[in-house]
Amino acid sequence: MKCKNCGYKTNQNKNFCPECGNPLSEPTKKVGKNKTNSKKLLAIICSTIILIAAIISFFLVGNSKFTPEKEIQAFETAVNEKDVDALKGILHPVNDSFNVTEENASQFLEYLANHPKKHETLINRLNEQVETVSSGTMAKASLNNTYATVNIVKDGKKWMFFDDYKIVVSPMHLDLYMDTEGIDLYVDDEKVGTSSGEGYHKEFGPYMPGMHKVTATFENSYISSSIDEEVELFNSNDSTLIHTLELDATEVEVSSIYDDSTLYINGEKTDITVGSDKTSIGMFPTNESVSLYAEKEFPWGTAKSEEHYINGDYVQFDTIYPLSEQNEEALFKQLNDILIQYRQALSKKDASLLKTGATKKLKEQLADRIKEIKAKEPKYTGELLKAVYNKKSLLHTEYDKQLNQYIFQINAVLTYHEPNGDLGWLSRDEDKKNYTRTRKLTVIYDEKEKKWLLDKDELFYHSIMDDEAIEFQFN
Numbered sequence: 001m002k003c004k005n006c007g008y009k010t011n012q013n014k015n016f017c018p019e020c021g022n023p024l025s026e027p028t029k030k031v032g033k034n035k036t037n038s039k040k041l042l043a044i045i046c047s048t049i050i051l052i053a054a055i056i057s058f059f060l061v062g063n064s065k066f067t068p069e070k071e072i073q074a075f076e077t078a079v080n081e082k083d084v085d086a087l088k089g090i091l092h093p094v095n096d097s098f099n100v101t102e103e104n105a106s107q108f109l110e111y112l113a114n115h116p117k118k119h120e121t122l123i124n125r126l127n128e129q130v131e132t133v134s135s136g137t138m139a140k141a142s143l144n145n146t147y148a149t150v151n152i153v154k155d156g157k158k159w160m161f162f163d164d165y166k167i168v169v170s171p172m173h174l175d176l177y178m179d180t181e182g183i184d185l186y187v188d189d190e191k192v193g194t195s196s197g198e199g200y201h202k203e204f205g206p207y208m209p210g211m212h213k214v215t216a217t218f219e220n221s222y223i224s225s226s227i228d229e230e231v232e233l234f235n236s237n238d239s240t241l242i243h244t245l246e247l248d249a250t251e252v253e254v255s256s257i258y259d260d261s262t263l264y265i266n267g268e269k270t271d272i273t274v275g276s277d278k279t280s281i282g283m284f285p286t287n288e289s290v291s292l293y294a295e296k297e298f299p300w301g302t303a304k305s306e307e308h309y310i311n312g313d314y315v316q317f318d319t320i321y322p323l324s325e326q327n328e329e330a331l332f333k334q335l336n337d338i339l340i341q342y343r344q345a346l347s348k349k350d351a352s353l354l355k356t357g358a359t360k361k362l363k364e365q366l367a368d369r370i371k372e373i374k375a376k377e378p379k380y381t382g383e384l385l386k387a388v389y390n391k392k393s394l395l396h397t398e399y400d401k402q403l404n405q406y407i408f409q410i411n412a413v414l415t416y417h418e419p420n421g422d423l424g425w426l427s428r429d430e431d432k433k434n435y436t437r438t439r440k441l442t443v444i445y446d447e448k449e450k451k452w453l454l455d456k457d458e459l460f461y462h463s464i465m466d467d468e469a470i471e472f473q474f475n
């Protein structure tokens, strides 16, 4: 090896020249350094290529991922698959006055499922908005002045570089009118207000597009009455839907033909006692949703009025049947038996033949009558052929304060066969010796004996219409 500095030649493997000390291995070191630099350059070039590829991929993915079409497709998929959680995540409120919740998202989903044409309308609407929103000419959903709908909008950036698209709900308000005071108002089973009287209206909301149930409810101590109506909020040019609810109610007064009658409301007994004077029972709806009837306790049992449905401010119980049909039949049968006995006693001139069903007063009257007949018509005989009673005579009973007993005054038309002299007549068949007389029979209720007694049989001119008559034939 020859030294490049002094020219000294040596065969030994030395790093330095023995003559001048100049390094002999320098050329070998320089070649290794150049190789290292080449590797570093290659690494930089490869990293740059990878970075550029990553950036290109990033933008390609971002541009394909964040598009209005993708958002619309996600919306349509959520509706078709009835995925409430997905729909709730896709929908965004137009402003802070409205929130998208699981409940209203579910209602909206049900509405679109039940109204496929409305669903199609919204999808077409969103697709039509894509070009406009991409160009930036429509940034907010409210700019198109349509309410109770959805819009696709561009709102900020995703991953710092890509436009963010959202489906925004533009809700709608409800303005409810109610002229009746004290009516509770509900929207979708949530109480929103109470009406204050004529001309009342108030705006509530905002609400999700779709069908909504509005309810007006009236309550007091005795009843609860309500009406339910559905309203549709969808693609409206107005921000508020005006809706009028009608549930009329008024102060109601009640009276009864009998004092101390107990009032029943919708079949339930109340602590309200009504009588001949009007009694206020409070506010009630007048849509015939509430029924009233009265019951009166008599010594022989309970009587009930007809049922009335409230449709105004006054209800009168002018008919309370004191007797049941069974009791009426028993009373008429008893009268027939007494009248037959009475006629037999007159014919035999023996007051003791009237044994049951008569008061002491009637028995005394019979005895006096027998004396009179003995003097005027000693050969008199009579037989009851037919009795016709006025059924309406039993529709009302009165309390006789002197007797301290309830009484019925029953109009009757009685036909007798009297072959040996008659005791008077209103009409007659002289050939058959049949004589018809009109009478008024006074019947009292003996509370001690717990039975009806005939107290008086007197002449009384009257007539009985066919539809009022109940007839009994004896021969």
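The opening residue of the sequence shown carries number 1 in UniProt numbering; numbering runs sequentially from there. We put the beta carbon where it would ideally sit given N, CA and C, even for glycine.
Suppose contacts are defined by Cβ-Cβ distances below 8 Å. Is residue i in contact with residue j by that definition?
i: residue 505; j: A412; result: Because the chain spans 1 through 475 in this model, residue 505 falls outside it and cannot be assessed.
i: I453; j: L414; result: Per the sequence shown, the amino acid found at residue 453 is Leu instead of Ile. Going by C-beta atoms, L453 is not nearer than 8 Å to L414.
i: M178; j: L233; result: no
i: T286; j: G267; result: no
i: H212; j: D175; result: no
i: G182; j: F204; result: no
i: V150; j: L126; result: yes
i: Q344; j: L335; result: no
i: S305; j: Y293; result: yes
i: I320; j: Y222; result: no
i: F408; j: S427; result: no
i: Y406; j: F298; result: yes
Suppose you measure from the CA of residue i to the CA of residue j; what does that come to, to the nearest Å?
i: T244; j: T397; result: 49 Å
i: C6; j: I49; result: 51 Å
i: L185; j: G282; result: 20 Å
i: S324; j: Y264; result: 19 Å
i: L109; j: I310; result: 41 Å
i: L366; j: T381; result: 15 Å
i: L143; j: A43; result: For L143, the pLDDT reaches just 48, beneath the cut-off of 50, and the residue's location in the model is therefore unreliable, although a value from the coordinates is still provided. So the two alpha carbons sit approximately 54 Å from each other.
i: K2; j: K39; result: 33 Å
i: Y165; j: K117; result: 25 Å
i: D96; j: E198; result: 33 Å
i: L339; j: L403; result: 23 Å
i: N104; j: S239; result: 18 Å
i: F474; j: S463; result: 21 Å
i: L346; j: I373; result: 8 Å
i: S261; j: Y147; result: 57 Å
Please classify residue i as buried or exposed, where buried requires at least 16 other C-beta atoms within 10 Å of its C-beta.
i: S195; result: buried
i: Y461; result: exposed
i: Y314; result: exposed
i: M465; result: exposed
i: S224; result: exposed
i: F16; result: exposed
i: I52; result: exposed
i: D228; result: exposed
i: G89; result: exposed
i: Y389; result: buried
Quick check on residue i: does DSSP put it in helix, strand or coil?
i: D188; result: coil
i: V84; result: helix
i: S106; result: helix
i: Q402; result: coil
i: S463; result: coil
i: L394; result: helix
i: P93; result: strand
i: S239; result: coil
i: A148; result: coil
i: T77; result: helix
i: H201; result: strand
i: N115; result: Checking the sequence, you will find His at residue 115 rather than Asn. Residue state, collapsed to three classes: coil.
Which residues bound the beta strand (DSSP E) around residue i?
i: Q473; result: 469–473
i: I272; result: 268–274
Grab the span of the alpha helix (DSSP H) containing residue i for me, first residue to last.
i: Y342; result: 325–348
i: A294; result: Per DSSP, A294 belongs to no alpha helix (DSSP H); it is in the beta strand (DSSP E), 291–298.
i: E430; result: Segment: none, E430 is in no alpha helix (DSSP H) and carries neither H nor E.
i: E229; result: No alpha helix (DSSP H) contains E229, which is instead part of the beta strand (DSSP E) from 224–233.
i: I370; result: 360–376
Closest Cβ-Cβ distance between residue i and chain B: below 8 Å?
i: G89; result: You won't find chain B in this structure, because it holds only one protein chain.
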